[in-house]
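Residues 2 to 537 (the working numbering) make up the sequence shown, in order.
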Amino acid sequence: MKLIYRRWNLKTNPEEKFLHHAPCENCGSRDNLGVYENHTYCFGCHDYQKTTGVLPEQIQTKINTDMINGNYNRLDRRNIDEETCKVFDYQQGEYEGKPVQIANYYDKHYNKVAQKLRFQDKTFKWLGDTDKITLFGQQNWRDGGRTIVLTEGELDCLSVSKVNSNKYPVCSIPSGTASAKKYIKQELEWLSKFEKIILMFDTDEAGMKASVECANILPVKKCFIAKLQGKDASELLQKGKGNKIIDAIFEAKHYTPQGIIEGNDTKDLLLKDDYVESVPYVFDGLNKKLSGIRPKELVLLCAGSGTGKSQVCRELAFDLINKGNKVGYIALEESVKRSVRGLVSLAVNQPIHIPEVRKKISDKDLISAWEKIKDKVCFYDHFGSSDSDDLLNRIRFMVQGLNCKYIFLDHISIVISGISEGDERRNIDNLMTNLRKLVEEVNCGMFVVSHLKRVDSKTGHEEGIQTSLSHLRGSHSLAQLSDAVIGFERDQQSETENNIMTVRVLKNRFTGDTGVACDLIWNKDTGRLVEGNFDE
C-alpha cells in the first residue's frame, strides 16, 4: 500500500512537469505511460521508473527546436474561455515579433510535434514535423466513445467544445477542406471507435462538397452530417447563438450515399404527380405516340441518306419557335446561311434557297418573315469544325447563356468523323453519354440526327425499306441513351409516292407506344411537309 501511495503522490505532484504519454514496455499498453521530467509512471500497471532527467530512447519527446511557447488566454472576440484553450492546447504568443495564435498538434503517441500559427491577417505558418500530426484535439480523446464531432478549423473545434462544456469529443481537420479526406482516411481506424461521427464543416460549397467526400469513406452506419444555421460554428458562437451549434449536433442527418433511397421514403414519389412541361409536336401522329416534347429528353431522328431528315428538323424547330420557344440550331452539313433560309422558307411557304423562287419574293417580305423568328433561334457557325468538346460547350452556352430550350444537332456522324482517335463505336458511346448528361444538366430538349447503316437487302433505306433500331450505325448507345427514336422511310425512286414519308416510332421511353405514327407529304411548291391522313 505504501508503494502505491508513493506512486499516486508522484503522479499528482504539481512540481513534477508532465511531458507526454507513451507506450509502456512493462505491460504493453499503447499510451498509458506518463512521461515526466524525472520519472515515468504507467497508469495501467502502476510501474514507476526514475529517469534522473534522461529518458529511455523509445519514450523521448522529439521537440522541434523551431516550435515556440505561448500562454493560455481567453479569446474574447470568439467567446472562447481559457479553460477550453487549455483542454486543446491552444495558445497565444509571438513569432518574429508578431502576435499569433498557436494550435499545437500531436502525433499518435501524444507527442507534440507541430504547431499551426495563425496571424492577425488570417495567414498561417506551420512549425515542426507536419508529417506526423493527427487531427487537432485528437490527443484528448483516446478510447473512442459514443459521438465525435469533426469541424473544418481549430476555432470551430473550440467553439463546439465550449458550448458543450468540453465534455464531449471534438476534433478538426488540420488544413481546411482540401485536406479533409486525407486526414480522415489517415485516422479512420481511430474514428471507427466512435458510434457516431458527425461532420460539421462550413456551409459554403467547398464545405458541403468535402462533407460528402469524407462521408463516403467513413463507416456508413456511423456517419452523420450537421447543417449549421450560419457559416460555421465559430460565427454562431460569436453571435451568441451557441444553442444553434447544439441543435445542429442533435439534428444531424444520417448520411446516405447519393442516389440510394429507402423504400420508406418513397411515398411522396408514389402519390404526388410532378408537373412535366410538354410542347405538342407539329404532327398529330407523333403526339399520339410520344405525348409531346419534354425537357431533359434526347430524341434521335434517323433515316437513309436523302430521305428528308433535315427538312423534318426545320419543321419541328419552326413549330417550336412559333410556340414561343427559343431554339439552338446546329446543322453541320450546311452553312448558317442555308439554315436561316431554310427556316424563313417555312415562314413564307416557299423554298427560297432555289434561285428561281427567291427572285419572286421581295426583300421586304423576307425581312418581315425573318423578324418573326430572329429572336427565337441561334446558330453555330462551325466553319467545318466538329470537335466534340467544343460542340458540347457551344450547346451548353446556347442553353445557359442564350436561354435556348431546345437543341437540334444535325447530325452526329459528322461530329464522330471529326474525332481522330479511337474507333467509331467508342466515340459514339462517349458522345452519346456526354449528350445524355448535358441534356440532364442544362434541362433542355434535344433532337439528334443519325444516319443508318446499309442493310443486307435487295432494297435499301433510300428505296423506303422499313427502319429498325438494329439499323442505327455505329453503336447500340444511339438507341440505349435516347428517350425516343423516330425513323423516317421514303422510297425516293417511286414514280408515284416519292413525296410520301412514313414516320415510325422505334423507341418510346415515355409511353412505350411504338409503330407507325403518320405519313408526311412533301409539297414541292411550298417546300413544306404536311401530315397526311393516316388510318390507325
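Where is the CB? At the ideal position from N, CA and C, for every residue including glycine.
Computed from a prediction, not measured in an experiment: that's the story for all the values here.
Assuming the contact rule is C-beta atoms closer than 8 Å, residue i and residue j should be a hit. Round their C-beta distance to whole Å, please.
i, j, result
"residue 315", "residue 272", "Contact flag wrong, Cβ pair sits at about 42 Å."
"residue 305", "residue 453", "6 Å"
"residue 182", "residue 214", "5 Å"
"residue 350", "residue 527", "5 Å"
"residue 227", "residue 249", "4 Å"
"residue 202", "residue 263", "Not quite, the Cβ-Cβ distance comes to about 25 Å (not below 8 Å), so this is no contact."
"residue 559", "residue 79", "What the structure shows of the chain is the stretch from 2 to 537, and residue 559 is not part of that stretch, so it cannot be assessed."
"residue 280", "residue 317", "Not confirmed; about 10 Å, so no contact."
"residue 504", "residue 518", "5 Å"
In chain order, what residues of the same chain lie with their CB nearer than 7 Å to the CB of residue i, ignoring the 5 residues before and after it?
i, result
"residue 121", "100"
"residue 146", "170, 195"
"residue 479", "301, 429, 433, 451, 473"
"residue 392", "416"
"residue 373", "348"
"residue 437", "299, 482"
"residue 463", "305, 306, 307, 493"
"residue 81", "75, 159, 160, 163"
"residue 58", "For residue 58, the pLDDT reaches just 41, beneath the cut-off of 50, and the residue's location in the model is therefore unreliable, leaving the point undetermined."
"residue 94", "69, 70, 71, 72, 101, 103"
"residue 193", "220"
"residue 371", "345"
"residue 87", "73"
Hey, does residue i have any beta-carbon neighbour from chain B nearer than 8 Å?
i, result
"residue 312", "Annotation note: the requested chain B is absent from the structure, which comprises a single protein chain."
Under 8 Å between the Cβ atoms of residue i and residue j?
i, j, result
"residue 334", "residue 412", "yes"
"residue 176", "residue 151", "no"
"residue 136", "residue 188", "yes"
"residue 506", "residue 297", "no"
"residue 400", "residue 443", "yes"
"residue 89", "residue 35", "no"
"residue 500", "residue 522", "yes"
"residue 256", "residue 303", "no"
"residue 134", "residue 108", "yes"
"residue 533", "residue 514", "no"
"residue 91", "residue 118", "no"
"residue 148", "residue 197", "yes"
"residue 199", "residue 253", "yes"
"residue 445", "residue 406", "yes"
"residue 157", "residue 235", "yes"
"residue 291", "residue 511", "yes"
For residue i, which residues from the same chain have a beta carbon less than 8 Å from its beta carbon, with the 5 sequence-adjacent residues on both sides left out?
i, result
"residue 205", "232"
"residue 278", "295, 296"
"residue 525", "500"
"residue 435", "389, 393"
"residue 244", "164"
"residue 367", "345, 349, 353"
"residue 178", "153, 202, 203, 207, 208, 210, 211"
"residue 65", "Interpretation of residue 65 is limited by its pLDDT of 45, a score under 50 that renders its predicted location unreliable; no figure is taken from the coordinates."
Below 6 Å CB to CB, which residues in the same chain sit around residue i once its five sequence neighbours on both sides are set aside?
i, result
"residue 380", "330, 337, 340"
"residue 186", "218"
"residue 447", "299, 408, 440"
"residue 354", "342"
"residue 155", "104, 137, 173"
"residue 67", "128"
Report yes if the C-beta of residue i is less than 7 Å from at least one heavy atom of the ligand GTP; otherwise report no.
i, result
"residue 449", "Inclusion of the ligand GTP in the displayed structure is not the case, the ligand content being empty and no account of it being possible."
Are the stretch 324 to 338 and the stretch 483 to 496 in contact at 8 Å, needing three or more beta carbon pairs? No: fewer than three Cβ pairs fall under 8 Å.
Only counting runs of 4 or more residues, tell me where the alpha helix (DSSP H) segments fall wholly within the stretch 440 to 519, in order along the chain. Qualifying alpha helix (DSSP H) stretches, in chain order: 478 to 481.
Would you call the stretch 208 to 223 and the stretch 159 to 173 in contact, with 3 or more CB pairs under 8 Å? Two segments are said to touch when three or more pairs of C-beta atoms, one from each, lie closer than 8 Å; by this definition the stretch 208 to 223 does not touch the stretch 159 to 173.
Pick out the complete alpha helix (DSSP H) segments inside the stretch 70 to 114, 4 residues or longer, and give them in chain order. For the stretch 70 to 114, the continuous alpha helix (DSSP H) assignments of 4+ residues that do not extend past its boundaries occur at 83 to 88, in sequence order.
Where are the alpha helix (DSSP H) runs, 4 residues long or more, that stay fully inside the stretch 192 to 262, in chain order? Whole alpha helix (DSSP H) segments, 4+ residues: 206 to 216, 234 to 239, 243 to 251.
Pairing CB atoms from the stretch 227 to 244 with CB atoms from the stretch 286 to 298, are three or more of them under 8 Å? Contact between the stretch 227 to 244 and the stretch 286 to 298 is absent: fewer than three C-beta pairs spanning the two stretches fall below 8 Å.
Any beta strand (DSSP E) of 3 or more consecutive residues that is wholly inside the stretch 337 to 416: If we require 3 residues or more, the beta strand (DSSP E) runs fully inside the stretch 337 to 416 come out as 378 to 380, 407 to 411.
Is the stretch 398 to 417 touching the stretch 458 to 465 in the sense that three or more CB pairs, one from each, lie closer than 8 Å? The stretch 458 to 465 is not in contact with the stretch 398 to 417.
Specify whether the stretch 353 to 363 and the stretch 309 to 323 touch according to this definition: at least 3 beta carbon pairs, one from each stretch, less than 8 Å apart. Counting C-beta pairs closer than 8 Å gives fewer than three between the stretch 353 to 363 and the stretch 309 to 323, which falls short of the contact rule.
Which residue spans inside the stretch 262 to 340 form an unbroken alpha helix (DSSP H) run of at least 4? Note on the stretch 262 to 340: whole alpha helix (DSSP H) runs with a minimum of 4 residues are 268 to 272, 285 to 291, 310 to 323, in chain order.
Stretch-stretch touch, CB-based, cutoff 8 Å, three pairs: the stretch 124 to 134 with the stretch 102 to 114: Note that the stretch 124 to 134 touches the stretch 102 to 114; at least 3 beta-carbon pairs, one per stretch, sit closer than 8 Å.
Quick check on the DSSP output: what are the complete alpha helix (DSSP H) runs of length 4 or more inside the stretch 139 to 197, in order along the chain? As summarised for the stretch 139 to 197, the continuous alpha helix (DSSP H) elements at least 4 residues long and confined to that stretch are 155 to 164, 181 to 187, 189 to 192, given in chain order.
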